[in-house]
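Heads up: the sequence shown at position 60 corresponds to 236 in the working numbering, and the numbers run straight through without jumps. Worksheet for the structure shown next.
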Amino acid sequence: MSLIITSNQYLINSGDYNSAFSYNNNLNNTLRIPKDSEIAVQSVKINKDGTITLNKSSVWYQYFNRLLSSVAPLVPISDTTGWIHKARPFMRTSDDDVMEVSPLEFANRVSTGMNDAIFNPEVSGFLDCKIKVDATGFKGFDFIFKQKNASIADMSGSLVADDFLNNYSTSFPTAGLTYTIGTKALRANVFGNNNTVAKYHNVATLTQPLSLNDGGMKINLAGVSGANWTVGLSRSNPLFIEGGEVPYYQPTRSIATRAFDFYDFKICAEQSAGTGTRFIKLYHSVMSTDPSTGELGNTQTEIKYYNIAGNPFNSASNQPNGYSWSGNGSAITDCEITIKNEIVNISLFAGATEYKILEYDATRGKGENFKPISETCRMLYPKFHIDSTVGAKQFIISEMKVHTNDGLGVPFTYTDPKKDWWSYLTLNNIDLSDGLIVDTRFYNDMSNPTLYTCLGINASSQLENYSPVLIVSPDDTLYTPSPLANLSNLFGFESQTILDAPSIDAGTGLIKTFTSAAPPVMKSNTSLFVRLNNFNHNSVNAGKGNLSKILYSLPRFSVDGSTTGTGLYYEPSERLYIKLNNPNDLTVNEFNVDFVNENETLATDLSGKSVVIFHIRKVRD
């Protein structure tokens, strides 16, 4: 007779091979089992997490921006560039409305939901939910927020023609810009006299978003001398409608010839009425009011950089229209747009000489800085336009700092509603509500004298003062609206509403973690079995229609009457022996043990330390 004690070696993140539900014990010396022996389970000790009830109405909310406050200084959501986003655990359309899942599966589904509702390219793919365990078992979850903390490399050398959305005009399908890899040139497709409106449709959009952490682009302008041109940044156009980026855009010019005129930020060379001269202009899309209806919207508003004190182009020669592109007295060769979180700056270059045509200065009044990058335009796509009476006009892309994929290596897809909040709004028909609210806040109202201080990049190369918040129960004070939040208990934060004080890693401060205050209450609806894989015994799993290596069925209740928890102990009142089918002595040096469900899938809801004691004896007829 032999008593065999087996257990997993408890190691956090040790992998399935030596986990609580699947492990292998190797003997230093071989064990001889006499011929005609049989085996039974003597006792079992496990930590069983149980299951979590997940349904399609499970909801929490996420916020990633400046922390809100109800005490002085007050910080309501309307004073920020952020928004409160509804999040759900990942659910397939084929999933049942209500499901029982293991803590590990629950964590994986929550992790996907966290990344699908963050809508910021600097953290997308870097959020995670992990189960928290120790030697005693399941302790809850860690909700992890991480930022990219390094500026992105220049990606201009890897761009291809398919990266550009080359005109989606139904009226002028041959118009647009064509990208050539070798020369990195964007060339106008059509040109002609001033009566040819097709040239206004020479527009292309790069379908990869610029980095918000020192991202941007540098464009050589030598090839657009003598032409009207635009280099700018725009939110997505998920419906691919001419001039359809923003339904509440109120154009200042005829939409018939300016179907692609919307930009959130832009620098351009355009002819001023009555002069025939092309001047360099700066515009941003800010709040406007339709004079005929009184409806709020957005329109392109000029920033008159040439009137700003200290600006390199503030001179009599540049009054009253700006720097003359037609004359180009400073021999400008390039323009550069850079982004630092909420800040957009633009420089012009004459060779190596830089002219900061618009650099953010918090002390200046409205109309002398670009608006802040806000939630509606967090995903900004480079957009280009050339119209000309002559051919061969082109931009050369010298530098382009864009995100090609998220933190998980998943490529960014233009208009993806799980990454791009503007696309989400548009495709769910709430752009005219939620989007309009953000785009008409005080910082976009040039008639409102209240200043907003844009947040940039801090000394650790992170988004300045941006903090993660989880809303796990409805909040009617600060983080509103959040009426459907219902995961405080399952997340392990019973009776809590707002989670805004994560632990911060001691090194760079890059990782911020919310840890469950207590493990959620779970239940067990599954049957659990012990399987010994590497012996000659046979049982039958009729439900699977197969022979099996199952030795023991654990009762629903442990010795102390528990179904889940730590230190669950099971000992049969009468052991059930199964023949090993060994007509000769067996020499063994390992025991390969699994805990499985009735369908013989691994019981991944076990954690911590598992112990199984086997008893081997000669067969008794």
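Quick reminder that beta carbons are idealized off the backbone N, C-alpha and C, glycines included.
Skipping 5 residues on each side, what residues in its chain have a beta carbon closer than 7 Å to that of N581? P587, F588
Express the C-alpha separation of I307 and F314 in angstroms, rounding to a whole number. 7 Å
CB L458 to CB L534, shorter than 8 Å? yes
Scan the region 439-526 and note each continuous alpha helix (DSSP H) run of 4 residues or more that stays entirely inside, going in chain order. none
Is Y655 closer than 8 Å to Y237 when the C-beta atoms are compared? yes
Suppose you measure from the CA of I484 to the CA of M267; what does that come to, to the nearest Å? 53 Å
Hey, quick one: how far does the alpha helix (DSSP H) through G583 stretch, first residue to last? That residue, G583, is in no alpha helix (DSSP H); it is neither H nor E in DSSP.
Taking the beta strand (DSSP E) that I647 belongs to, which residues open and close that run? 643-647
Are the region 710-730 and the region 206-221 in contact at 8 Å, needing three or more beta carbon pairs? yes
Three-state class that DSSP yields for E530 in the structure shown: strand
Enumerated in chain order, which unbroken segments of the beta strand (DSSP E) with a length of 3 residues or greater are wholly contained in the region 333-393? 340-342, 353-356, 361-364, 379-382
Would you tell me roughly how many angstroms separate the C-alpha atoms of S178 and V648, rounded to the nearest one? 53 Å
Could you check whether I479 and N544 sit closer than 8 Å to each other, using their CB atoms as the reference points? The sequence shown places Glu at residue 544, rather than the Asn named in the question. Closer than 8 Å, so yes.
Please state whether DSSP places F546 in a helix, a strand or coil. coil
Taking only the alpha-carbon atoms, compute the straight-line gap between T381 and Y557 and give it to the nearest angstrom. 7 Å
Could you give the distance in angstroms between the alpha-carbon of P625 and the alpha-carbon of L230? 49 Å
Quick check: T475 and T428, are their CB atoms within less than 8 Å of each other? yes
Using the beta-carbon count (16 or more within 10 Å), is S254 buried or exposed? exposed
Which listed residue (N775, Y746, M698, A779) has its alpha carbon closest to that of K720: N775
Y425 - partner residues in DSSP beta bridges: N474
Excluding the 5 residues flanking G632 on each side, which residues of the same chain have their C-beta closer than 6 Å to its C-beta? K516, N517, I519, E640
How big is the Cα-Cα spacing for S489 and N497? Note that residue 489 corresponds to Phe in the displayed sequence, not to Ser. F489 and N497: Cα-Cα distance of roughly 11 Å.
Among the residues of its own chain, which have a CB less than 6 Å from the CB of N768, if the five just before and after it don't count? N200, N709, N710
I'd like the span of the alpha helix (DSSP H) that includes W405, first residue to last. Run containing W405: none in the alpha helix (DSSP H); it sits in the beta strand (DSSP E), 404-410.
Please state the DSSP three-state secondary structure of Y628. coil
Report buried or exposed for D592, applying the criterion of at least 16 other Cβ atoms within 10 angstroms of its Cβ. buried
Cβ neighbours of I687 in the same chain (closer than 7 Å, five flanking residues each side left out): I320, K322, D681
Taking the alpha-carbon positions, what's the L704 to I674 distance? 37 Å
Per DSSP, what kind of secondary structure is N202 in: helix, strand or coil? strand
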